[in-house]
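A short worksheet on the structure shown next.
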Amino acid sequence: MLSNLFSLVFPVTSTTSFNFPSFNAQDQNISYERAYADSGVIQLTSNKDESMVVGRATYSSPMHLWDKASGNLTDFTTHFSFVIDAKNKTNYGDGLAFFLAPAGSKIPDGIKDGDSIGLAPIGQSLDSTNNRFVAVEFDIYKNNWDPWGEHVGIDINSMKSKVCEFWQSSISIMEGGKNEAWISYNSTTHNLSVVFTGLDRKNVTVRQFLSYIVDLRDYLPERVTFGFSAATGASSAMHTIYSWDFNSSLEIDDTNTNKTVTGVPSPSPNLAPKPRTNNKLGLAVGLGAGGLVLVAGLASVLLVLRKRNRRDKEDDHAFAEYMDGEFQKGTGPKRFSFRELARATNNFRDEEMLGQGGFGGFYKGFLSDSNIFVAIKRVSKGSKQGIKEYAAEVKIISRLRHRNLVQLIGWCHERRELLLVYEFMPNGSLDSHLFKEERLLIWEARDIKSSNIMLDSNFNAKLGDFGLARLVDHAKGSETTVLAGTFGYMAPECVTTGKASKESDVYSFGIVALEIACGRKPINPKAPEDQVVLVEWVWELYGKGEVLGAADPRLGGDFDGEQMERLIIVDNFILSNY
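Quick note: the sequence shown, position 262, residue 262 per the UniProt record's numbering, numbers continuous.
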């Protein structure tokens, strides 16, 4: 009875999760076939110039891919880094693959010359139903059925890919550059998606995308072996895995599972001692009382969970109704499920965090259905705003359309959580380029307007994370009693009156422009005493006729002196009115 009660409250989930930043030959969690771990990496094929070589490395425990009783499929994500090194040879092969195959799968007996990336035996390259697999191949050798050049493809029981994409990898392969891949499977949409890195003609890392709709239940059994396979064919190349992490989650039907203890013999009636009557009565009373307490406790837990679940659903429904009323069908931000966003961020893993804002943290996520990266803001549960306040602000933000504003893509309000999905800015925030030593924003890229906060892939500026703080109606002034802002950027009038205005916005613009010119924060307690406050220090240099002395020293003088001087002087006039 207890097991059935708990299965109703807590759904049974089968998970597989691990993270290998490097590999140890003594680790029993990885199984090797003709491959081996060495110096923290996995060598799938020999590190010597050998041909006709094949190798595999798989996780030792099979993954529960789908559940026959419920029909549920698993969701999984994996990320790995790897190198295919041709040792500067022009004739190289064959490639490597991440694959799923029936549990216990081994290198097929018919593979002797290292072909088919170690997945299909000779004569079955185009029809390997006797050796089933689903794989994502990173193919560097052109067979008769392949497109021209290196490519990434999704294979199902055949080396002829269902879909493939040209892989911008030639420089990487020739020089042994490290590549990365992210593979995910959505159990709801059956979308198998791949994101992988390559190099363009300028030797700059690029991300490429590939996806295919496939119901894995049609091709694979409930439990599967998964990992990597590589081969050289008649050529040679080194195929090396540097890191690997994996996460899967499957809800299974456990309601029909009857667990009984077997193998314990009952005592013989003739040999079993006869307990005394009073002991039997006391035992019965004790068991009855204990059972009542246990049932009452479980009933209380169930009641609390039910009430909480009902309240959460009512809140979610109220929010969804309000939002649906505000947005016309087919326009505005999209509603996402919490499960979608958790999957996109690997369950909001710390490694995916982009930064912390005033109302919560930002996480990098990948929406496999749309094949795009996004920035997901997980609003802090400590925020006291209500449903209508949240919805009103999301509505206002979504109506702002400008090329210099980070666009709101969607929202989620489930499980007492509020999440906002924004377009992803690959180059991060402006301050990360101005103040971090490992980055430098060249002078040409500093010609940015007042809304410059986030930088896209081409260093175009967009204002971001402007929502969820109470928005200001400049005609009425701010009515908030708690001043929202960052000290050093706020005009003195904001500090004294607690109100914002158009003029205070201009002041903040002047501060940002000064940061761009000087590469310094507005307040720096570690600076020399006369340089702690940026505005005062620059004003002093202006009075001495030495404004160029405030220019960012990391530029090394590589800027237009007249432009720099005009920018600083204009900033001084903007800021001197306060």
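Ideal Cβ placement from N, Cα and C applies to all residues, glycine included.
- Excluding the 5 residues flanking it on each side, Asn131 has same chain C-beta neighbours closer than 7 Å at Pro108, Ala120, Pro121, Gln124, in chain order.
- Going by beta carbons, Gly365 and Lys377 fall outside the 8 Å limit.
- Under the DSSP assignment, Arg223 falls in the beta strand (DSSP E) whose first and last residues are 223–231.
- CA-to-CA, the gap between Leu73 and Ile213 works out to about 14 Å.
- At least 8 Å separates the beta-carbon of Gly233 from that of Asp369.
- Look at Trp145 here: in three-state DSSP terms it is coil, with no helix or strand label.
- Checking the DSSP bridge columns, you'll see Asn186 partnered with Asn191.
- For the pair Glu529 and Ile523, the Cα-to-Cα distance works out to about 11 Å.
- Following the DSSP letters along the chain, one finds Asp218 in no beta strand (DSSP E), marked with neither H nor E.
- The alpha carbon of Leu367 has as its nearest neighbour, out of Asp215, Ser193, Ala230, the alpha carbon of Ser193.
- Nearest to Asn157 by alpha-carbon distance, out of Gly198, Leu405, Phe209, Pro102, is Pro102.
- In the three-state scheme derived from DSSP, where H, G and I count as helix and E and B as strand, Phe20 is classed as strand.
- Counted as a single uninterrupted DSSP element, the stretch harbouring Glu351 is not any beta strand (DSSP E), since DSSP gives it neither H nor E.
- Look at Ser248 here: in three-state DSSP terms it is strand.
- Nearest neighbour of Gln168 by Cα position, chosen from Ile140, Val533, Ser187, Ala25, turns out to be Ile140.
- Comparing C-alpha distances from Glu562 to each of Ile574, Val54, Val547 shows the shortest one belongs to Val547.
- The DSSP-derived three-state label of Phe336 is coil.
- Boundaries of the alpha helix (DSSP H) harbouring Trp539: 534–543, taken from the DSSP string.
- Straight through space, the alpha carbons of Lys160 and Asn144 are spaced by roughly 9 Å.
- By a beta-carbon distance limit of 8 Å, Tyr92 does not contact Ser211. Their separation comes to about 27 Å.
- DSSP, reduced to helix, strand and coil, places Tyr507 within a helical segment of the structure shown.
- Within the model, the alpha-carbon separation for Asn19 versus Ile568 is close to 49 Å.
- Distance between Asn346 and Glu150, taken at the CA atoms: about 29 Å.
- Rounded to the nearest whole angstrom, the C-alpha separation of Arg520 and Val379 is 30 Å.
- The beta-carbon separation of Val41 and Ile183, rounded to 20 Å, does not stay under the 8 Å limit for a contact.
- Judged by DSSP secondary structure, Glu33 falls within the beta strand (DSSP E) whose first and last residues are 30–33.
- By DSSP's assignment, Asn179 forms a beta bridge with Phe82.
- Distance from the CA atom of Ile574 to the CA atom of Val406, rounded to whole angstroms, is 26 Å.
- Shown here, Val421 sits in a strand according to DSSP, grouped into three states.
- In this structure, DSSP gives Phe133 a state outside helix and strand, which the three-state scheme calls coil.
- Every unbroken stretch of the beta strand (DSSP E) spanning 3 or more residues and falling wholly within the stretch 34–75 is given here in chain order: 36–38, 41–43, 54–59.
- Under the criterion of beta carbons closer than 8 Å, Ala25 and Gly227 do not qualify as touching, at roughly 16 Å.
- Per the C-alpha coordinates, the member of Val532, Glu515, Asp560 positioned closest to Asp571 is Glu515.
- In the three-state DSSP reduction, Pro553 falls in the helix class (H, G or I).
- With a contact defined as Cβ atoms closer than 8 Å, Gly55 and Gly118 qualify at about 7 Å.
- DSSP places Glu565 within a helical segment (H, G or I) once states are collapsed to three.
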